[in-house]
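Asks:
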Amino acid sequence: MNILLKCVKQSGYSVRFPSGVISQPLDGGAPRMRRVSRNNWRTVAVNWTVQESGYQYLCAFYEIWCENPSQPFYANLIVDGPEYKAYRCHFEPDSFGLDSKEGTVFGVSAQFLVKPIIDRDLNQIIVDSGNNGVDLSDITNPLDHLVNVALPKALESIRV
């Protein structure tokens, strides 16, 4: 399986999260909601700003994928959480394109269909923590508490 080596531009990307939920209107009340599918692939719009060699690489990568479009590839993306992960992807057909060219700088865009990486247990812990009034940054960034609270308290007891 091929691996896309060019990182996408962080400021130029968006993700659509299909819910797999349908809504059925009811007379005189709230609609009935029900889940019809799970783990729907996400649509991710990506952009690159590259030099000539980067543009040539992206074009070659896309052409190779077009020769065998059922073969997915891996790309490092931020989709189902705040960190980069290697996601299994396909190009959305006919979405790859050159958006701009200024001298030797090329603006390229595409859309990927991305298989989600979902940790249901972690998601439940995060939601439960929020329900209990826990600040998630305290859980995910304990260094902040260590430097700003614990260390100053520890230094107060030290006499030089």
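For what it's worth, my numbering labels the leading residue of the sequence shown as 1, then goes sequentially. Glycine is no exception: its CB is placed at the ideal position from the N, C-alpha and C atoms. Predicted, not measured: the structure shown is a model, and the values here were computed from it.
1) Using 8 Å as the cut-off, can you tell me whether the stretch 6–21 makes contact with the stretch 41–58, which would need three or more C-beta pairs spanning the two stretches below that distance?
2) Could you give the distance in angstroms between the alpha-carbon of cysteine 66 and the alpha-carbon of tyrosine 57?
3) Does the count of Cβ pairs from the stretch 121–138 and the stretch 24–43 closer than 8 Å reach three?
4) Helix, strand or coil for tyrosine 74 per DSSP?
5) Pick from Lys115, Tyr87 and Ala110: whose alpha carbon is nearest that of leucine 98?
6) Which first and last residues belong to the beta strand (DSSP E) in which glutamate 102 is found?
7) Which of the three DSSP states is assigned to glycine 133 in this structure?
8) Could you name each continuous beta strand (DSSP E) segment of 3 residues or more that falls completely within the stretch 17–89, going from the start of the chain to the end?
9) Inspect the CB distances between the stretch 81–101 and the stretch 128–137 and report whether three or more fall short of 8 Å.
10) What residues are listed by DSSP as bridge partners for threonine 110?
11) Would you tell me roughly how many angstroms separate the C-alpha atoms of asparagine 76 and arginine 88, rounded to the nearest one?
12) Out of Val149, Leu146, Lys115 and Ser157, point me to the one whose CA is closest to valine 15's CA.
13) Please classify tyrosine 55 as buried or exposed, where buried requires at least 16 other C-beta atoms within 10 Å of its C-beta.
14) Going by CA-CA distance only, name the one from Glu156, Phe112, Asn2 and Val79 that's closest to isoleucine 64.
15) Just mark proline 72 as buried or exposed, buried being the case when its beta carbon has 16 or more other beta carbons within 10 Å.
Replies: Reading off the structure:
1) Output reads yes: the stretch 41–58 touches the stretch 6–21.
2) Taking the straight line from one Cα to the other gives about 14 Å.
3) Counting C-beta pairs closer than 8 Å gives fewer than three between the stretch 121–138 and the stretch 24–43, which falls short of the contact rule.
4) Here DSSP, grouped into helix, strand and coil, assigns tyrosine 74 to strand.
5) Ranking Lys115, Tyr87 and Ala110 by Cα distance to leucine 98 puts Ala110 first.
6) Here the beta strand (DSSP E) through glutamate 102 covers 97–102.
7) Residue state, collapsed to three classes: coil.
8) The DSSP assignment places complete beta strand (DSSP E) segments of no fewer than 3 residues inside the stretch 17–89 at 21–24, 32–35, 42–50 and 73–77, in order along the chain.
9) Three or more Cβ pairs closer than 8 Å define a contact, and the stretch 81–101 falls short of that threshold against the stretch 128–137.
10) Reading off the sequence, residue 110 comes out as alanine, not threonine. DSSP lists Val46 as partners of alanine 110.
11) Whole-angstrom Cα-Cα distance: 9 Å.
12) Nearest to valine 15 by C-alpha distance, out of Val149, Leu146, Lys115 and Ser157, is Lys115.
13) Result: buried.
14) The candidate whose alpha carbon is nearest that of isoleucine 64 is Asn2.
15) Taking all protein chains shown into account, proline 72 has 16 or more neighbouring C-beta atoms within 10 Å of its C-beta and is therefore buried.
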